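Here is the structure we will look at, set down as structure tokens.
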């Protein structure tokens with residue numbers, strides 16, 4: 024009778040989470056903060072952020088959205104007014120994390 028072989032194993036990362044520094048993109052020479060984009064249309068800000076730092080992805084959410092406290096070094100949150108999302112103006116100072 025053949026032995027059962029599992030298809031995949033959980034990496035050790037799942038067992039022991041690694042704390043990642045939120046501003047880790049500073050070490051690569053790319054921007055990690057965009058305070059100048061506060062007040063700019065969110066779609067335009069998303070394009071600028073992803074062009075200036077190809078290692079991050081910008082996400083547009085309405086103000087008042089609930090987020091967990093997970094720090095992600097590849098994410099930038101852009102908050103816009105609830106009644107004009109995603110075409111509204113950015114209400115926060117975007118940063119990596």
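Residue numbers (the working numbering): 24 to 120.
C-beta atoms are modelled at their ideal positions from N, C-alpha and C, and glycine is treated no differently.
For clarity, every value in this text was computed on a predicted model and none was experimentally measured.
Per DSSP, residue 99 is not a residue of any alpha helix (DSSP H); the beta strand (DSSP E) it occupies stretches across 98 to 103. With distances taken between CA atoms, residue 58 lies nearest to 102 out of 102, 84, 77, 85. One Cα belongs to residue 76, the other to residue 119, and the distance between them is close to 10 angstroms. Shown here for residue 65: same chain residues with a beta carbon closer than 8 angstroms to its own, the five before and five after excluded, namely 83, 101, 103, 108, 109, 110, 111, 112, 113 in chain order.
Shown here, residue 119 sits in a strand according to DSSP, grouped into three states. Spatial neighbours of residue 71 in its own chain (CB-CB distance under 8 angstroms, excluding positions within 5 residues in sequence) are listed in chain order as 57, 60, 63. The three-state reading of DSSP puts residue 61 in coil, since its state is none of H, G, I, E or B.
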